[in-house]
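Just so you know, the sequences run in chain order W and Y. Residue 0 is where the first sequence starts when you use numbering that gives the first Met the number 0, and the numbers rise one by one after that. Residue 0 is where the second sequence starts when you use numbering that gives the first Met the number 0, and the numbers rise one by one after that. Ideal Cβ positions, reconstructed from N, Cα and C, are used throughout, including at glycine. Here the structure comes first, spelled out in structure tokens, and everything after it is commentary.
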Amino acid sequence: MGIDLPLIWAVVIIFGIMMYVIMDGFDLGIGILFPFIPGKTDRDVMMNTVAPIWDGNETWLVLGGAALLGAFPLAYSVVLSALYLPLILMLFGLIFRGVAFEFRFKAKEHKRHIWDKAFIGGSLVATFFQGVALGAFIDGIPVVNRQFAGGELDWLTPFSLFCGVALIVAYALLGCTWLIMKTEGKLQELMHNLARPLVLVLLAVIAIVSIWTPLTHPEIAARWFTLPNLFWFLPVPILVLVTTWCLLKAVARNAHYTPFLLTLLLVFLGYSGLGISLWPNIVPPSISIWEAAAPPQSQGFLLLGTLFTIPFILGYSFWSYYVFRGKVTHEDGYH
Amino acid sequence: MFNLQALDLARMQFAFTVSFHILFPAITVGLAGYLAVLEGLWLKTRNDTYRDLYHFWSKIFAVNFGMGVVSGIVMAYQFGTNWSRFSDFAGPVTGTLLTYEVLTAFFLEAGFLGVMLFGWGRVGRRLHFFSTVMVSLGTLISTFWILASNSWMQTPNGFEVVNGQVIPTDWLAVIFNPSLPYRLVHMSIAAFVATAFFVGSSAAWHLLRGRDNPAIRTMLSMAMWMALIVMPIQIMVGDMHGLNTLEHQPAKIAAIEGHWQNRGNEPTPLILFGWPDMKAEKTGYTVEIPYLGSLILTHSLEKQVPALKSFAPEDRPNSTIVFWSFRVMAGLGMLMLFTGLWSLWLRKRGTLYQCRPFLYLAMFMGPSGLIAILAGWLTTEIGRQPWVVYGLLRTADASSNHSVAQMSLTLVLFVVVYFALFGTGFGYMMRLVRKGPKTNEGAEISHAGPVQQRTPARPLSAIDDNGEGDHRLSLNKKGN
């Protein structure tokens, strides 16, 4: 048996999207938390914790898009057409919040509120529609003749809308625990107080999604509740509960780093649950990674470049985080 | 009719978003290179003028870069949302090349950008310079891959088509396809020249207002050296690019020339001006120069240039547009060359910084490079029509099946949002330009030596406004 290239590529893309969710998750979360923190200096600090790195975080999204096009062109073309409006609206959200990073510090005093709103609105819209797209993806995408064969508003279901809300909660918690790690003083205290309710809401949201998914998607239910699979799947909810419990404890004892790391774990668990539910379909419910794969000439050549560059990328990305390590304070911004 | 309309809207949307987008990377490529040179010169000569200019332009760079990033994400997704049949067909090639762009260029830029913009004082001088160079290198690597992808769509090579999908057979032939070298050099130079004229225009604006200091003079001087030295090369490369196009896409050349029919064995004249009419199949109101068409395109006085009528009507690109877009590009190129030559003459006479007519010209030439880039891309992309992948896939067969309503909605959104946001961003860039370079910016850190200073002395946005700069300057004076 040769190398199963589509399998490797599925893993690479899953890894890339997970990197995106985790990394842009916390900086989108900062925008979602902006409304809770009205003070200008605190908002400056919040933005400054991610200003040097948000662009790198978003690059993982571009990698997801480009690699999907290169390695699974059929999936890329079908999924992106099917999720047309949510994706376009997500892009608009990202545009508004992306320019807000620079424009906010550039605007005249009385106009700054515009970019604060762009940052909040953009972060909310981008996150919400990422969740909606995810929900619609789980709902499944009909394909005929290698083309999306559904309606334009197929993505608009109660389930997908709820997934949008769920992702807002998840990113908010990522942002909240990130700020606990990166700030100090009053802002950190505010985030500490916010963390506990956010964890509980997120737990509730995860529970609802976990019940809703098998109820409305019989093929996923069949996958979860048949016997060998059940054993694979059972650790996920248990680990989620354990992680949540540890997270609440960490917040209660005012830990600085642990809450963020545990939130990452929580997101990772949710993500892996999703993977287990859909694998090996890249366009649910019917197109597998092997059917959608680009020819081996493409996937092989791509893999060469990926294996060579990813270690470097992780290396200098880590270095950049290292340069900007430590707490960000008001003094950083305003001497 | 229904379908055609949705297709038209998809094409308009792509043209609109990509035209907006290209302006930002063009300036990014040019400014990143400029910043690397400035920082290198500062490290080498310790002339603080270079450091001041570095800080000045890095703020403008930051605004521009941010807009480039967000408008670029749109491009990465638009292939799938709007052009799904193209993506499925050509994804094995173009998707692979784009992925290489992300892996080798975008991450490199993003990884070092934070340190470049916010790390002055957090890392040593050499490491900071290294970061600037890496960002600049990233922009050039990015240029390489995206042009490899576009050039492959213009002159596909190294592939076979199996079951309605492109299968790459020889990656070197795919990447180094016949038009890549010319397009790559032509566009890279264009980015640097466009930036040089932008920089030169800023300097001219300040000089015309009587703001004269070494930093502003250096800006004008460097910009004009660039124009003088590089414009002749650019025109030569453009000529070679044209010959390459004649070889691989003769219909495009015929459309650019507005040349419909060869008469007997008569050499092809050059139509300087005219109005190509696609319906009447002729070019009206022409001003022609005999022999010149043959001379330029075949470098001979006998050989003929292919004519539009030798291609089936459904295979002809729109000559009316490319005829004029090409002339706008070439005309601006000549004007840029002239500006460079004039600057040399003034430099010799020692009046480069005083000659007001010249300074006015340099100021108005500010957007010339960007307009030329847009005109050039319109020429080559519309000239590729009716194909999206030349000779393989027609544009009409490449789109997704979206409705007119949906396409209209998103197009309107794009137009409104882009003009509002990027218009504002452009306004901010202009405001920064108007402020001009500040003396001794970043000096507080350089005096502290290469040892890391833990707290950055300026806001963690690459740009700060509202007079904080002056405030900081006065603090420095106290500190020193």
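Query	Result
For residue 316/Y and residue 151/Y, what's the separation of their Cα atoms in angstroms?	18 Å
On the three-state DSSP scale, how would you describe residue 338/Y?	helix
Use the C-beta contact count for residue 127/Y: other C-beta atoms within 10 angstroms, 16 or more gives buried, fewer gives exposed.	buried
Using 8 Å as the threshold, is the C-beta distance between residue 177/Y and residue 156/Y below it?	yes
Who are the neighbours of residue 54/W on chain Y, taking C-beta pairs under 7 Å?	68, 109 and 112
Given a limit of 8 Å on CB to CB distance, which residues of the segment 205-233 of chain W reach chain Y?	none
The segment 29-49 of chain W: which residues have C-beta closer than 8 Å to a C-beta of chain Y, in chain order?	43, 46 and 47
Taking the alpha carbon of residue 164/W as the point to measure from, which residue in 238/W, 124/W and 6/W has its own alpha carbon closest?	124/W
For residue 251/Y, which of helix, strand or coil comes out of DSSP?	helix
For residue 49/Y, which residues in the same chain have their Cβ closer than 8 Å to its Cβ, ignoring the five residues on either side in sequence?	37, 38, 40, 41 and 217
Residue 280/W bridges to which residues according to DSSP?	287/W
Return the CA-CA distance between residue 127/W and residue 157/W, expressed in angstroms with no decimal places.	13 Å
From residue 369/Y to residue 193/Y, what distance separates their C-alpha atoms?	6 Å
Would you kindly work out how many angstroms separate the C-alpha atoms of residue 165/Y and residue 58/Y, rounded to a whole number?	43 Å
List, in chain order, every chain W residue whose beta-carbon is nearer than 8 Å to that of residue 400/Y.	80, 146 and 147
Ends of the alpha helix (DSSP H) at residue 194/Y?	179-207
Reducing DSSP to helix, strand and coil, say where residue 385/Y ends up.	coil
I'd like the list of long-range same chain contacts for residue 261/Y, defined as Cβ closer than 7 Å, with 5 residues on each side in sequence excluded.	267, 303 and 306
Closest Cβ-Cβ distance between residue 449/Y and chain W: below 8 Å?	A caution first: residue 449/Y carries a pLDDT of 33, below 50, which makes its placement in the model unreliable, though a value can still be read off. Cβ-Cβ to chain W under 8 Å: no for residue 449/Y.
Any Cβ of chain W within less than 8 Å of the Cβ of residue 6/Y?	no
Taking its Cβ as the centre, do 16 or more other Cβ atoms sit within 10 Å of residue 228/Y, making it buried, or is it exposed?	exposed
From this set, 63/Y, 168/Y and 273/Y, which residue's C-alpha is nearest residue 426/Y's C-alpha?	63/Y
Which residues does DSSP list as the beta-bridge partners of residue 146/W?	143/W
By the 10 Å Cβ neighbour count, where 16 or more other Cβ atoms means buried, how is residue 226/W classified, buried or exposed?	exposed
Rounded to whole angstroms, what's the CA-CA distance from residue 35/W to residue 130/W? Just pull it up for me.	22 Å
Under 9 Å Cβ-Cβ, which residues of chain Y neighbour residue 151/W?	401, 402, 404 and 405
Which residue or residues does DSSP assign as beta-bridge partners of residue 164/Y?	161/Y
Measuring straight from C-alpha to C-alpha, what distance separates residue 13/Y and residue 53/W?	26 Å
From residue 43/Y to residue 73/Y, what does the alpha carbon distance come to, in whole angstroms?	40 Å
Could you check where the beta strand (DSSP E) with residue 284/Y kicks off and where it finishes?	281-288
Skipping 5 residues on each side, what residues in its chain have a beta carbon closer than 6 Å to that of residue 296/Y?	245 and 304
Out of curiosity, what's the CA-to-CA distance linking residue 132/W and residue 191/Y?	40 Å
Below 8 Å, can you find three or more Cβ-Cβ pairs linking the segment 75-84 of chain Y to the segment 389-405 of chain Y?	yes
Would the segment 106-115 of chain W and the segment 186-201 of chain W be scored as touching if the rule is three or more Cβ pairs under 8 Å?	no
Tell me the DSSP secondary structure of residue 327/Y in three-state form.	helix
Helix or strand or just coil, what does DSSP make of residue 310/Y?	coil
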